[in-house]
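Contents: one structure, followed by commentary.
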Amino acid sequence: MGKFQVMNHPLIQHKLTIIRNENCGTREFREVVNEIASLLAFEVSRDMPLEDVDIKTPQGIAHAKQLSGKKVAVVPILRAGIGMVDGILDLIPAAKVGHIGMYRDEETLEPHEYFVKLPSDIDKRQIFVVDPMLATGGSAIMAIDALIKRGVDESNIKFVCLVAAPEGVEALQKAHGDVDIYTAALDDHLENGYIVPGLGDAGDRLFGTK
Ligand code: PRP
């Protein structure tokens, strides 16, 4: 069973409060979403494997460490996931980026896939699927289905979001039990497909399309 973790670092919680505020404008929303994404990446990468390496410093030999695990791919779920990519790349600049386009039918809330473009070696990478919202879980489940269809192993996927509804966490765990889920907050419930209290429609707030 994958991990489920609420990232309660004070900086993450403080920044999340800023973007929850309905008076937070597009520019600040965008900036702070990226800042939170960086902080989440810091926590999510905590279990990356290291290997020993001897390095010659100007003063001698250091018995040091370097990353030894799989290379990383960041996979935002379009549109809103794009808002988290730069923040993660600030910490992991060599990561490749894949895109999965999903939109929810506004009536049925059913997700629809409209775009998939991934690095060719995606099945060999540690993948961070990112999307600010985990509401019903439909988009995340379908995005992860798209990865599995291309040979990715569930245990190499971490799903990273800002706000999750209990319904979405449950659905994602049921569909993809080995995926680790990280969120900055676990909110109360869903209402018409929106997370309550949540932060509204992350895509619209990021891109100013409301
Ligand atoms: C929102 C959000 C997630 C999805 C979450 O996207 O960014 O992708 O809904 O809902 P779910 O867990 O119920 O699937 P939306 O479909 O509004 O598209 P957008 O990102 O392009 O605005």
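In my numbering, the protein residues as written are 1071 to 1280.
Glycine is no exception: its CB is placed at the ideal position from the N, C-alpha and C atoms.
Query                                                                                               : Result
Proximity below 8 Å, CB of Val-1102 to CB of Ile-1082                                               : no
For Glu-1183: DSSP bridge partner residues                                                          : Met-1172
Any non-hydrogen atom of ligand 1 within 7 Å of Thr-1253 CB                                         : no
Rounded straight-line distance, which links the Cα of Ala-1210 to that of Glu-1020                  : This structure gives no information on residue 1020, because the portion of the chain shown stretches from 1071 to 1280.
Proximal residues to Lys-1280 (C-beta, below 6 Å), its chain only, five neighbours per side dropped : Asp-1274
Assigned secondary structure, Glu-1105 (DSSP; H/G/I helix, E/B strand, else coil)                   : helix
Rounded distance between the beta-carbons of Ala-1213 and Gly-1157, thought under 8 Å               : Not a contact, Cβ separation roughly 19 Å.
Leu-1148 versus Pro-1267: straight-line alpha-carbon distance, rounded                              : 22 Å
Span of the alpha helix (DSSP H) around Ala-1216                                                    : 1208-1219
heavy atom of ligand 1 below 7 Å from Met-1154 C-beta                                               : no
8 Å Cβ cutoff met for Val-1233 and Ile-1251                                                         : no
Minimum C-alpha distance to Glu-1177 - residue among Asn-1262, His-1079, Leu-1086                   : Asn-1262
Three-way DSSP call (helix, strand, coil) for Met-1154 in this model                                : helix
Beta-ladder partner(s) of His-1259, from DSSP                                                       : Val-1266
Assigned secondary structure, His-1079 (DSSP; H/G/I helix, E/B strand, else coil)                   : coil
Cβ-heavy atom distance, Gly-1095 to ligand 1, below 7 Å                                             : no
Where the beta strand (DSSP E) through Ala-1234 begins and ends                                     : 1227-1234
For Ile-1162, the three-state DSSP class (helix, strand or coil)                                    : coil
Rounded Cβ spacing between Gln-1196 and Phe-1074 (contact assumed at less than 8 Å)                 : Not a contact, Cβ separation roughly 18 Å.
Exposure of His-1133, with buried meaning 16 or more beta-carbon neighbours within 10 Å             : exposed
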